[in-house]
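Engineer: Under this note's numbering, the first residue of the first sequence carries the number 138, and numbering increases by one thereafter.
The beta-carbon is built from N, C-alpha and C at its ideal position, and this holds for glycine as well.
Please see the structure below; I have some questions.
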Amino acid sequence: MEKYNHKKIEEKWQKKWDKEKLYKTSEAPDKPKYYVLDMFPYPSGDGLHAGHVESYTATDIMSRYLRLNGKNVLHPQGWDAFGLPAENYAIKTKIHPSVTTKKAIATFKQQMKMMGFSYDWPRELNSSEPQYYKWTQWFFLLLYKNGLAYKKKAKVNWCASCQTVLANEQAEGGVCDRCGNPVAQKELEQWFFKITDFIENKELTPQAPLLKGGRGVKETSGLLEGLDKVDWPASTKAAQKNWIGKSEGAIVKFSITNNQYPIKSKNLNDQKYFEVFTTRVDTIFGCTYCVLAPENKLIQELKGRINNWPEVEKYLETAKKKTDLQRMETKEKTGVRLAGVDAVNPFNGEKVPLFVADYVLVQYGTGAVMGVPAHDQRDWEFAKKYDLPIVEVITPLRPPLKGGYGGLKEVYTDDGVVVNSGEYNGSTSAEARVKMVDWLEKQGLGKRQINYKIRDWLVSRQRYWGAPIPIIYCEICGAVPVPEKDLPVELPTDVDFMPTGESPLVKSKSFHQVKCPVCGESARRESDTMDTFVCSSWYYFRYSDVNNNKEFASKQMIEKWLPVDLYVGGAEHTVLHLLYSRFFTKVLHNLGYIDFDEPFLKLRHQGIILAEDGRKMSKSLGNVVNPDEVVGQYGADALRMFEMFMGPLEDMKPWNTRGIVGICRFLEKIWKFKDKKLYDCQGGDCRIKESGLPRLVHKTIKKVTEDIDALRFNTAISQMMIFVNFAAKFESMPRAAMEKFLILLAPFAPHLAEELWSSIKSPLPPFVKGGGKSIFEQSWPKYNPDLVKDEVIKLVIQVNGKVRDMIEVSAEISEESAKKIALASEKTKKWLENKEVVKIIFVRGKLVNIVAE
RNA sequence: GCAGGCGUGGCGGAAUUGGUAUACGCGCCAGCCUUAGGAGCUGGUGGAGCAAUCCAUGAGAGUUCAAGUCUCUCCGCCUGCACCA
138 MEKYNHKKIE
148 EKWQKKWDKE
158 KLYKTSEAPD
168 KPKYYVLDMF
178 PYPSGDGLHA
188 GHVESYTATD
198 IMSRYLRLNG
208 KNVLHPQGWD
218 AFGLPAENYA
228 IKTKIHPSVT
238 TKKAIATFKQ
248 QMKMMGFSYD
258 WPRELNSSEP
268 QYYKWTQWFF
278 LLLYKNGLAY
288 KKKAKVNWCA
298 SCQTVLANEQ
308 AEGGVCDRCG
318 NPVAQKELEQ
328 WFFKITDFIE
338 NKELTPQAPL
348 LKGGRGVKET
358 SGLLEGLDKV
368 DWPASTKAAQ
378 KNWIGKSEGA
388 IVKFSITNNQ
398 YPIKSKNLND
408 QKYFEVFTTR
418 VDTIFGCTYC
428 VLAPENKLIQ
438 ELKGRINNWP
448 EVEKYLETAK
458 KKTDLQRMET
468 KEKTGVRLAG
478 VDAVNPFNGE
488 KVPLFVADYV
498 LVQYGTGAVM
508 GVPAHDQRDW
518 EFAKKYDLPI
528 VEVITPLRPP
538 LKGGYGGLKE
548 VYTDDGVVVN
558 SGEYNGSTSA
568 EARVKMVDWL
578 EKQGLGKRQI
588 NYKIRDWLVS
598 RQRYWGAPIP
608 IIYCEICGAV
618 PVPEKDLPVE
628 LPTDVDFMPT
638 GESPLVKSKS
648 FHQVKCPVCG
658 ESARRESDTM
668 DTFVCSSWYY
678 FRYSDVNNNK
688 EFASKQMIEK
698 WLPVDLYVGG
708 AEHTVLHLLY
718 SRFFTKVLHN
728 LGYIDFDEPF
738 LKLRHQGIIL
748 AEDGRKMSKS
758 LGNVVNPDEV
768 VGQYGADALR
778 MFEMFMGPLE
788 DMKPWNTRGI
798 VGICRFLEKI
808 WKFKDKKLYD
818 CQGGDCRIKE
828 SGLPRLVHKT
838 IKKVTEDIDA
848 LRFNTAISQM
858 MIFVNFAAKF
868 ESMPRAAMEK
878 FLILLAPFAP
888 HLAEELWSSI
898 KSPLPPFVKG
908 GGKSIFEQSW
918 PKYNPDLVKD
928 EVIKLVIQVN
938 GKVRDMIEVS
948 AEISEESAKK
958 IALASEKTKK
968 WLENKEVVKI
978 IFVRGKLVNI
988 VAE
């Protein structure tokens with residue numbers, strides 16, 4: 138027989154599918170929709186890597202499976218084409234980023250076609266093209282007009298190597314996530330998006346038009362609460378919550394002594410004071426000192442009263458010089474006492490020393506803390522170093538006092554019972570927190586407060602290869618948004634993109650110098666571009682209506698296709714992209730553009746595929762698996778199945794080149810099904826020669842169906858292997874069994890399945906005049922529940938929980954006869970000698986357990 | 001430190017509600033076909049033991065007739081955040 142020639146078969150069907158537009162999104166009105174989305178890739182020069190293949194195969198299987206199940210499936214692909222790598226490459230080689238990007242896209246697309254991914258290519262989008270970024274700019278204006286985009290001078294993360302500002306999210310851990318260099322702080326005018334407005338649930342804006350056919354939602358769920366209604370990995374939800382960093386506590390006013398006013402004054406206005414934020418008011422009686430952050434403005438205000446100013450000033454200088462990275466590296470606490478000024482605890486009027494120390498961060502809370510050494514790790518360390526008193530005010534419920542009262546051996550940070558705290562003694566921590574804040578509010582000395590770690594999103598970049606920010610600065614009118622009719626603000630091509638710290642766009646005169654849209658006087662354009670994460674925060678809307686030049690997408694198309702039903706992509710986007718996209722969706726909902734407020738209903742991350750040596754694949758290590766080579770040698774179907782068979786989608790797995798031969802053997806075995814004699818089995822006169830096969834077919838349908846639904850592709854493939862190993866033994870097969878099996882196989886190995894389908898349908902194969910339909914136009918098989926159950930089972934017989942015998946019996950066996958058989962078993966008898974049967978457990982269809990003593 | 005997750009053969013991994021631990025695949029072993037070779041075919045393959053049997057799901061305890069699965073303690077690994085008050 139003919140050899141299995143994967144190259145010939147795969148190319149043949151890819152061409153035919155393309156020609157017949159088999160993947161064009163079906164819009165049949167009677168079918169339910171399903172939107173399966175991949176995170177659109179950044180088209181790097183390296184082409185597709187093993188991780189891309191993994192997640193795109195998973196979504197391709199889902200898409201093909203859902204189409205076979207009668208769904209209208211939207212499965213698009215596009216390019217996240219703006220970004221620093223192309224620009225950096227351009228700086229090195231002088232080749233324009235649009236050229237390298239175009240080339241990279243061509244490679245990606247060709248490789249995706251080679252893999253047989255069933256994308257609806259007419260919906261392809263490219264975020265670096267004007268017809269796309271016109272709408273990115275439109276989104277900027279939408280946010281601007283609604284007070285959600287603003288400019289402010291801010292201390293920002295500045296990467297000296299990339300010569301640009303970074304978002305907090307791109308400067309995690311104090312290093313640039315592009316180049317790894319330490320990030321410095323710089324004061325600059327920057328654009329921000331007000332993501333902090335959407336942390337908690339939010340009433341719809343009054344101008345939000347009532348949505349026709351809307352779901353009547355009056356509130357936009359916040360970035361925190363919205364997580365409760367989506368099917369996302371627990372780790373991703375946790376990471377987002379963590380990033381938002383909500384903490385509930387209280388603001389407490391501490392007054393500052395100056396010898397002129399009474400220590401405890403009812404009227405704080407005639408006295409200097411500062412505020413601290415704490416989540417543990419219940420520990421406040423244990424406060425033995427307070428700390429201001431070095432950047433806290435109060436220090437300068439107190440200058441005249443600080444007796445050791447030179448020493449303080451020196452400390453402030455050193456702190457200023459430290460980068461955030463250095464501050465974090467040295468966990469050793471340092472600080473200087475502000476001599477001559479003390480803080481006063483509002484609860485007990487006690488004077489405590491006031492320090493400046495850089496372990497207190499100016500950007501969080503109030504930039505000042507109360508020090509409670511007994512019940513806070515950092516305060517404990519600080520107090521030990523500077524020999525400050527440690528006062529125990531919380532005691533654990535149990536075990537009782539460690540080391541006794543006042544003699545704390547170690548810091549105790551849990552909740553407990555309040556002691557040493559006057560009228561609050563005996564309360565639990567939780568009770569005390571309530572009572573104490575009530576008192577503070579009544580006295581005007583503090584209030585409840587919720588703090589978040591998340592900051593507004595810094596979106597401006599001093600870079601060329603991004604979407605220009607559509608703002609014009611006029612000396613008379615100030616910052617003026619570009620009128621919508623003038624969008625897009627196109628990226629000029631006559632630009633030198635060597636980085637100078639200023640946006641390269643400043644140097645393009647045609648771009649930079651414009652007339653003010655309001656007064657007509659000469660003005661200048663904003664020369665910064667937007668963070669690429671802005672482009673990727675809304676692209677999933679665009680696929681629904683990719684050619685619309687009046688709106689980012691029409692209301693009808695959004696209603697038809699959104700939200701995304703299944704989203705698959707890398708875990709590196711747990712915070713950035715996914716949080717920003719949720720923010721954009723919530724803005725649209727809040728302004729009444731859409732009637733849902735979460736963009737991605739179900740999210741999964743593919744696990745990283747490691748190199749054969751167990752390390753990460755990387756060009757420098759030379760251990761990268763190249764999909765082109767693998768496909769050349771083994772075929773696209775083999776690569777698709779192998780990556781799915783390696784293990785659970787979400788797990789990290791090492792590549793193993795030898796392992797792929799298992800899949801090849803499997804595919805070869807299926808290929809040999811071509812030689813099987815098929816026979817029809819209709820009427821009652823058909824005797825199945827292949828004993829056990831019909832049951833196995835139905836079991837396989839059940840298992841494969843359930844596994845695909847749960848994205849467990851590895852076990853679906855195992856089940857197909859079991860079927861193939863069994864069926865390979867016979868020379869013939871019922872036609873229906875063959876057809877059903879091929880349809881199950883089709884989402885995984887589309888080319889081979891279509892080829893065999895065509896051969897069993899001869900002389901009327903698909904895609905010929907008068908021929909039948911493609912395997913992808915068939916229906917997913919249903920299993921017969923009666924055939925899924927076995928007629929005969931091996932009944933396990935246990936004595937005291939240990940397996941002692943197995944007997945073949947009817948699956949329907951009654952409890953009574955099962956017990957009888959169990960007790961009659963020769964093997965069992967031996968284990969019951971000199972013992973008395975206490976009871977017998979029967980599990981239907983599984984086992985009998987004899988309990989004997 | 002905080003949060004999320006994981007730990008099963010030589011390896012990748014199976015094991016719906018607690019009910020035959022190690023499915024499927026790789027590798028390995030034996031045989032076959034072959035001058036030879038393996039991306040061929042057939043069979044075998046957790047460990048110990050001649051055997052009956054015993055021991056095995058990171059370690060230890062608990063609940064149960066029955067634990068990879070549930071509970072507690074400990075150890076190790078991964079991922080994210082981190083001087084966040």
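Go through its chain and collect everything with a Cβ distance to Lys168's Cβ below 7 Å, but skip five positions before and after it.
Structural biologist: Gly207, Lys208, Asn209
Engineer: Compare the C-alpha of Leu738 against each of Arg719, Lys957, Arg417, Gly220 and name the closest.
Structural biologist: Arg719
Engineer: Could you pull out every residue in the same chain whose Cβ sits closer than 6 Å to the Cβ of Lys349, ignoring the five residues on either side in sequence?
Structural biologist: Residue placement at Lys349 is poorly supported in this model, since its pLDDT is 45, which falls under 50; the coordinates still yield a value, given next. Nothing meets the Cβ criterion.
Engineer: Which residue marks the beginning of the beta strand (DSSP E) containing Asp175, and which one marks its end?
Structural biologist: 170 to 175
Engineer: Using the C-alpha atoms, what's the distance from Leu203 back to Leu279?
Structural biologist: 36 Å
Engineer: I'd like the ranges of any alpha helix (DSSP H) spanning at least 4 consecutive residues and lying wholly in the stretch 639 to 705.
Structural biologist: 646 to 649, 669 to 672, 676 to 679, 692 to 698
Engineer: According to DSSP, is Phe492 helix, strand or coil?
Structural biologist: strand
Engineer: Candidates Lys488, Ser647, Leu174: which alpha carbon is nearest Arg201's?
Structural biologist: Leu174
Engineer: May I ask which residues mark the beginning and end of the beta strand (DSSP E) holding Val418?
Structural biologist: Per DSSP, Val418 belongs to no beta strand (DSSP E) and is neither H nor E.
Engineer: Are at least three pairs of beta-carbons, each pair with one atom in the stretch 615 to 622 and one in the stretch 631 to 645, less than 8 Å apart?
Structural biologist: No, the stretch 615 to 622 does not touch the stretch 631 to 645.
Engineer: Quick check on DSSP: helix, strand or coil for Phe519?
Structural biologist: helix
Engineer: Which of helix, strand or coil does DSSP assign to Cys801?
Structural biologist: helix
Engineer: Buried or exposed for Cys656, going by 16 or more other Cβ atoms inside 10 Å?
Structural biologist: exposed
Engineer: Cα-Cα, which of Ile608, Pro764, Met857 is closest to Ile807?
Structural biologist: Met857
Engineer: Buried or exposed: Leu740, going by 16 or more other Cβ atoms within 10 Å of its Cβ?
Structural biologist: By the neighbour-count rule (16 or more Cβ atoms within 10 Å), Leu740 is buried.
Engineer: Distance check for Ala660 and Asp334, CA to CA, integer angstroms please.
Structural biologist: 32 Å
Engineer: At the level of alpha carbons, what is the spacing between Val980 and Val925?
Structural biologist: 19 Å
Engineer: Going by the beta-carbon positions, is the gap between Pro526 and Phe391 smaller than 8 Å?
Structural biologist: no
Engineer: Residue ranges of each alpha helix (DSSP H) run of no fewer than 4 residues wholly in the stretch 570 to 624, ordered along the chain?
Structural biologist: none
Engineer: Just mark Gln322 as buried or exposed, buried being the case when its beta carbon has 16 or more other beta carbons within 10 Å.
Structural biologist: By the 10 Å Cβ count, Gln322 comes out exposed.
Engineer: For the stretch 555 to 573 against the stretch 368 to 376, do three or more pairs of beta-carbon atoms, one drawn from each stretch, fall closer than 8 Å, so that the two count as touching?
Structural biologist: no
Engineer: Should Ser674 go down as buried or exposed, given a rule of 16 or more other Cβ atoms within 10 Å for buried?
Structural biologist: Classification of Ser674: buried, given that the 10 Å Cβ count is 16 or more.
Engineer: According to the neighbour-count rule (16 or more other Cβ atoms, all chains shown, within 10 Å of its Cβ), is Asp524 buried or exposed?
Structural biologist: Exposed: under 16 other Cβ atoms inside 10 Å.
Engineer: Can you tell which of Pro234, Ile880, Val293, Asn283 has the C-alpha that lies nearest to the C-alpha of Asp631?
Structural biologist: Distance check between Asp631 and each of Pro234, Ile880, Val293, Asn283 places Pro234 closest, using alpha-carbon atoms only.
Engineer: Excluding the 5 residues preceding and the 5 following Gly982 in the sequence, name in chain order all residues of the same chain whose CB lies nearer than 7 Å to its CB.
Structural biologist: Ile930, Ala948
Engineer: If you draw a straight line from the C-alpha of Arg260 to the C-alpha of Trp894, how long is it?
Structural biologist: Answer to the nearest angstrom: the Cα atoms are 29 Å apart.
Engineer: Kindly list the residues whose CB is nearer than 7 Å to the CB of Phe810, restricted to its own chain and excluding five residues on each side of it in sequence; keep chain order.
Structural biologist: Met875, Leu893
Engineer: Less than 8 Å between C-beta atoms, sequence neighbours within five positions excluded: which residues of the same chain meet that for Glu990?
Structural biologist: Apart from the 5 residues on each side of it in sequence, Glu990 sits with its Cβ closer than 8 Å to the Cβ of Lys972, Glu973, Val975 in its chain, given in chain order.
Engineer: Determine the DSSP secondary structure at Asn851, reduced to helix, strand or coil.
Structural biologist: helix
Engineer: Looking only at its chain, what residues have a beta carbon closer than 8 Å to the beta carbon of Cys316, apart from the 5 residues adjacent to it on each side?
Structural biologist: Cys296, Ser298, Cys299.
Engineer: What residues match up with Val389 in a beta bridge as DSSP calls it?
Structural biologist: DSSP, once it has assigned bridges, lists Val413, Gly583 as partnering Val389.
Engineer: Look up Thr565 in the DSSP assignment and give the residues it is bridged to.
Structural biologist: Val554
Engineer: May I ask you to report which of helix, strand or coil DSSP gives Leu325?
Structural biologist: Residue state, collapsed to three classes: strand.
Engineer: Just the C-alpha distance for Lys939 and Met251, rounded to the nearest angstrom, thanks.
Structural biologist: One C-alpha to the other measures close to 53 Å.
Engineer: Count the other CB atoms, across all protein chains shown, that sit within 10 Å of the CB of Val236; report buried if there are 16 or more and exposed otherwise.
Structural biologist: Counting the other Cβ atoms within 10 Å of the Cβ of Val236 gives fewer than 16, which makes it exposed.
Engineer: Roughly how many angstroms lie between the CA atoms of Asp812 and Ala187, to the nearest whole one?
Structural biologist: Those two C-alpha atoms are separated by around 34 Å.
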